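Chemist: This is the structure I want to talk about, given as structure tokens.
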Amino acid sequence: MTNRQIAEKLRHMAVFYEMDGVPFRPQAYEKAADAIDALGPDEPLDRLFAAKGRDGLRTVPGVGEGIAHHIEEMIRRGTFREYERMAAKYPVNLDELSGIEGVGPKTIKTLYQKLRIKDLAGLERAAAAGKIRGLPRFGAKTEANLIRSIELRRRSAGRRLLGDILPLARRIETELRGVRGVRHAVVAGSIRRRQETIGDIDILATAAGPERVMEKFIRLPEVAEVLEHGPTKTAVRLDNGVQADLRVIPEASYGAALQYFTGSKEHNVIVRKLAIARGLKLNEYGLWKSRKSVAARSEEDVYRAVGLDYIEPELRTASGEIEAAAAGGLPDLIPYGSVRGDLQVQTDWTDGSHSIADMAEAARRRGLEYLAVTDHTKALAMVGGLDEKKLARQGREIDALNRRLEKDGVNFRVLKGSEVDILRDGSLDLADAALKKLDMVGAAVHSHFHLSRSEQTARIIRAMKNPHVDIIFHPTGRVINKREPCDFDMEAVIKAAKATGTALEIDAAPDRLDLKDSHVRLAVRAGVKLVIDSDAHRPEHFDWLELGVAVARRGWAATKDVLNTGSYRDLKKWLSKAKNKREKGPRK
DNA sequence: GCCGTTTTCGGCCCGACTGTTTTCAGTCG
């Protein structure tokens with residue numbers, strides 16, 4: 049049993065206890081699950097148990113006598129008695145139901161006990177039949193909200209987050225590359241374009257012996273079911289429900305096939321029309337002049353042969369990239385790996401899992417040169433948001449850490465920051481005097497997501513006019529597949545960002561990606577500076593920065609558009625200049 | 001159920017908001 053599976057069962061257990069109103073245990077199980085997830089797949093608990101027994105398990109923070117017993121039982125037989133008892137009492141699909149916004153443990157319990165609702169389909173039927181509104185503490189409005197949440201869920205059904213699928217796709221890629229005779233094995237489709245959500249996994253391979261790579265593919269441990277199995281195309285369903293297709297094509301067609309299978313469909317339609325205009329025909333095997341292939345080896349060859357500069361996969365959305373490529377006007381996209389510091393990082397001062405020093409060390413190991421500690425502020429009492437006094441204390445800790453880093457000659461700096469809450473009226477939940485002492489202030493909306501468009505717009509703009517606010521974090525507040533973005537006038541906000549010298553964030557958390565690509569493009573066009581942040585709550589989240597760079601690239605951003613591609617010194621310079629501008633600028 | 005520079009028991013879950021109510025349960029993060 050993997051750590052992930054163990055953590056999942058513990059999380060379910062937390063929900064079960066919450067359903068029954070058991071105090072404190074849910075958080076204890078939650079905490080243990082977090083700690084186990086944090087171990088990652090490289091330190092499997094079953095190995096720890098084999099080596100050191102139950103006492104070994106208890107070295108994991110949050111795992112005590114009771115949970116260690118449960119883990120032991122899970123390692124032996126895949127489940128544990130208490131879990132089985134609760135699962136029998138509540139035979140419901142917890143993940144499906146709690147995936148709906150507004151549905152928590154208590155609602156799941158009521159739904160099951162009163163209406164025998166076990167899963168999403170059942171919930172949908174009951175809501176459509178108007179049965180929900182009759183339940184205690186449920187009304188017509190709640191029922192309507194539920195239906196809306198389910199619809200949102202369904203619209204995104206089958207589409208998974210890029211951040212969840214990308215590591216899996218890469219793993220498969222690597223496996224297939226290891227097969228004898230394979231020259232290329234590469235993920236194409238929406239993953240290669242780094243679209244924010246993914247329908248399936250398309251893999252392209254060239255190989256001397258196609259049978260071997262097909263065989264390897266259907267024998268991957270993740271494969272749950274083989275849907276199609278032929279000499280050039282094989283399709284499987286993976287254990288996570290995602291479909292994966294493998295196509296094997298001749299080496300000579302590699303470039304044309306990669307271009308064809310990368311898409312988007314709309315982009316390819318235009319490229320094919322260009323080919324036709326030149327008396328050529330483009331398909332996955334090549335670019336043809338009657339029966340002669342004129343370009344097929346590489347994508348560059350194909351694009352050049354139809355009169356275009358090479359177009360990066362992220363740009364292939366049929367939204368002006370072809371015209372730009374024809375005119376030699378494509379942007380010089382920000383390269384992967386060019387973010388030098390992370391400006392939104394949570395620590396164990398609030399809802400992060402690690403200390404400031406741990407996060408700094410983890411960031412440094414990933415090649416970053418600085419980070420900003422931006423714990424939540426007091427309005428988010430849920431996560432123990434910092435008040436002015438605690439923030440000052442945290443500042444002293446950061447000062448001490450920086451002194452230590454400097455003394456040790458470590459090229460890494462920690463900025464004193466904050467993720468300060470934008471209140472309903474656009475004021476902030478920390479006093480200016482406290483903000484003034486920080487190196488950097490990010491402001492964010494965490495409440496009142498449903499204000500009217502004009503109120504929401506005015507609220508955000510007012511926050512930007514505060515001279516201490518340097519960045520608006522995750523500006524739209526959306527959570528992909530779960531929460532709609534706030535309704536506000538993005539163009540007006542971008543205009544205000546330009547006027548106030550406020551940067552806008554690309555929050556790279558896989559389910560946020562906020563700003564999204566089209567907004568980034570607007571901001572870039574308006575000359576507004578961006579920052580790319582991981583929103584890390586634990587060290588491995590720094591890996592998300594790559595997803596933020598992908599969004600920036602999809603939004604046509606260059607290195608110069610993104611502040612944290614600069615050095616620590618450059619960033620500090622920009623911050624003080626922008627603040628100066630806000631302090632001197634016209635106040636309203 | 002876990003934990004300990006507030007230590008072996010008594011804290012931990014802090015508060016705003018929504019939608020339902022007529023005083024508050026449930027969700028959010």
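Under our numbering, the very last position in the first sequence is 636; numbers go up by exactly one each time.
No residue lacks a Cβ here, since even glycine has one placed at the ideal position from N, Cα and C.
Bear in mind the structure is a predicted one, so any value in this text is a computation, not a measurement.
#1: Helix, strand or coil for Ser495, going by three-state DSSP, please let me know.
#2: For the ligand COA, is there any heavy atom lying closer than 6 Å to the beta carbon of Lys530?
#3: Which residue from Val431, Tyr308 and Ala81 puts its Cα closest to that of Ala236?
#4: Return the chain-ordered ranges of every alpha helix (DSSP H) run that is complete within the stretch 448–513 and spans a minimum of 4 residues.
#5: Taking 8 Å as the threshold, find out whether the stretch 280–288 comes into contact with the stretch 333–341 through three or more Cβ pairs.
#6: What do you get for Gly289, buried or exposed, if any count of 16 or more other CB atoms within 10 angstroms of its CB means buried?
#7: Among Arg472, Ser495 and Ile520, which has the Cα closest to the Cα of Gly465?
#8: What's the C-alpha gap between Lys636 and Ala511?
#9: If I'm right that Leu449 touches Ala411 with Cβ under 8 Å, what's the distance once you round it to whole angstroms?
#10: Do Arg181 and Ala188 have their C-beta atoms within less than 7 Å of each other?
#11: Between the Cα of Leu252 and the Cα atoms of Arg295, His118, Gln243 and Gly152, which residue gives the shortest distance?
#12: Look at the Cβ atom of Ala233, then the Cβ atom of Ser301, and state whether they are nearer than 7 Å.
#13: For Arg59 versus Glu362, is the C-beta spacing smaller than 7 Å?
#14: Can you check the stretch 214–246 for any beta strand (DSSP E) of at least 3 residues that lies completely inside it and give the ranges in chain order?
#15: Using only the alpha-carbon positions, how far apart do Met538 and Pro279 sit?
#16: Taking the C-alpha atoms as reference points, what is the distance between Val603 and Leu471?
#17: In this structure, what does DSSP give as the bridge partners for Gln291?
#18: Excluding the 5 residues flanking Val27 on each side, which residues of the same chain have their C-beta closer than 6 Å to its C-beta?
#19: Just to confirm, is the Cβ distance from Leu416 to Asp423 under 7 Å?
#20: What beta strand (DSSP E) runs, 3 residues minimum, are completely inside the stretch 372–414?
#21: Check whether the stretch 366–381 and the stretch 390–398 touch, using three or more Cβ-Cβ pairs below 8 Å as the test.
#22: With H, G and I counted as helix, E and B as strand and the rest as coil, what does DSSP make of Asp143?
#23: Please report the distance separating the alpha-carbon of Glu532 from that of Phe497.
#24: Val489 and Val468 - do their beta-carbons sit closer together than 7 Å?
#25: Starting from the C-beta of Val70, find all residues in its chain whose C-beta is less than 8 Å away, skip the five residues before and the five after it, and write them out in chain order.
#26: In this structure, how does DSSP classify Gly443 when only helix, strand and coil are distinguished?
#27: Rounded to a whole number of angstroms, what is the C-alpha to C-alpha distance between Leu639 and Lys264?
#28: Considering only C-alpha positions, which residue in the set Ile115, Met61 and Glu588 is nearest to Ala136?
#29: Mapping the DSSP letters down to three states, classify Thr613 as helix, strand or coil.
#30: Report, in whole angstroms, the separation of the C-beta atoms of Val572 and Ala605, which I expect to be a contact under 8 Å.
#31: For my contact list, Gln394 and Ala83 are in at a C-beta cut-off of 8 Å; report their separation, rounded to the angstrom.
#32: Excluding the five sequence neighbours on either side, which residues of its own chain have a C-beta within less than 7 Å of the C-beta of Ile542, listed in chain order?
#33: Are the CB atoms of Ala175 and Arg191 within a distance shorter than 7 Å?
#34: Per DSSP, which one or two residues make a beta bridge with Ile580?
#35: How would you call Gly637, buried or exposed, if buried means at least 16 neighbouring beta carbons within 10 angstroms?
Modeler: The structure says:
#1: coil
#2: Absence of the ligand COA from the depicted structure is noted, as is the absence of any ligand whatsoever, leaving it without description.
#3: Tyr308
#4: 480–484 and 501–513
#5: no
#6: exposed
#7: Ile520
#8: Here the model assigns Lys636 a pLDDT of 43, short of 50, so the residue's position is not dependable, and the following value carries that caveat. Between Lys636 and Ala511, the C-alpha separation is close to 12 Å.
#9: Contact doesn't hold; Cβ gap of about 12 Å is too wide.
#10: yes
#11: Arg295
#12: no
#13: no
#14: 230–235
#15: 50 Å
#16: With the sequence shown as reference, residue 603 is identified as Gly, and Val is not the correct amino acid for it. The straight-line gap from Cα to Cα measures roughly 29 Å.
#17: Arg285
#18: A question about residue 27 goes unanswered here, because the residues of the chain that appear run from 49 up to 636.
#19: no
#20: 389–393
#21: no
#22: helix
#23: 9 Å
#24: yes
#25: none
#26: helix
#27: The structure shown does not extend to residue 639, since the chain is modelled only from 49 to 636, so the question has no answer here.
#28: Met61
#29: helix
#30: 5 Å
#31: Contact doesn't hold; Cβ gap of about 16 Å is too wide.
#32: Leu570, Ala571, Ala574 and Val576
#33: Checking the sequence shown, residue 191 turns out to be Glu, not Arg. Contact flag set, yes.
#34: Ile554
#35: Given that the chain is displayed from residue 49 to residue 636, the structure contains no residue 637 and the question cannot be resolved.
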